[in-house]
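Visitor: Can you read through this structure? Questions will come right after.
Residue numbers (my numbering): 548 to 614.
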């Protein structure tokens, strides 16, 4: 599992959000969130920015560049 996938799942579960609830917050599909968390696909930059903004973390944190 990639660092991104792991951190995304951790952030989502810490806030007790379903994949569908997170998807609604960032205007994505729950299938897309599932694919990101399972390492099947990686999100476009616009979704990475939306996720970082929603979770109040840096994009570098999401991508595993910083701890």
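The beta carbon of each residue, even a glycine, is placed where N, CA and C say it ideally should be.
Relative to the C-alpha of residue 572, which residue among 554, 594 and 583 is closest?
Guide: Within the chain shown, residue 572 is the residue found at index 25, counting from 1. Per the Cα distances, 594.
Visitor: Can you grab the Cα-Cα spacing for the pair residue 566 / residue 613, in whole Å?
Guide: Start at 1 with the first residue of the chain shown, and residue 566 comes out as number 19. Start at 1 with the first residue of the chain shown, and residue 613 comes out as number 66. Their Cα atoms are separated by approximately 24 Å.
Visitor: Cutting at 7 Å between CB atoms, please list the residues of its own chain near residue 607, excluding the five before and the five after it.
Guide: In the chain shown, the residue the question calls residue 607 occupies position 60. Cβ neighbours of residue 607 beyond the five flanking positions: 613.
Visitor: Report yes if the CB atom of residue 609 is closer than 8 Å to the CB atom of residue 554, and no otherwise.
Guide: Within the chain shown, the letter at position 62 stands for residue 609. Within the chain shown, the letter at position 7 stands for residue 554. For residue 609 and residue 554, yes; Cβs fall inside 8 Å.
Visitor: Cα separation between residue 569 and residue 586?
Guide: Residue 569 sits at position 22 when you count from the first residue of the chain shown. Residue 586 sits at position 39 when you count from the first residue of the chain shown. One C-alpha to the other measures close to 17 Å.
Visitor: In whole angstroms, what is the alpha-carbon distance linking residue 596 and residue 579?
Guide: Within the chain shown, numbered from 1, the residue matching residue 596 stands at position 49. Within the chain shown, numbered from 1, the residue matching residue 579 stands at position 32. When rounded, the distance between both Cα atoms is 15 Å.
Visitor: Please name the residue, chosen from 551, 601 and 577, that lies closest to residue 562 on a Cα-to-Cα basis.
Guide: Locating residue 562 in the chain shown gives position 15, where the first residue counts as 1. Ranking 551, 601 and 577 by Cα distance to residue 562 puts 601 first.
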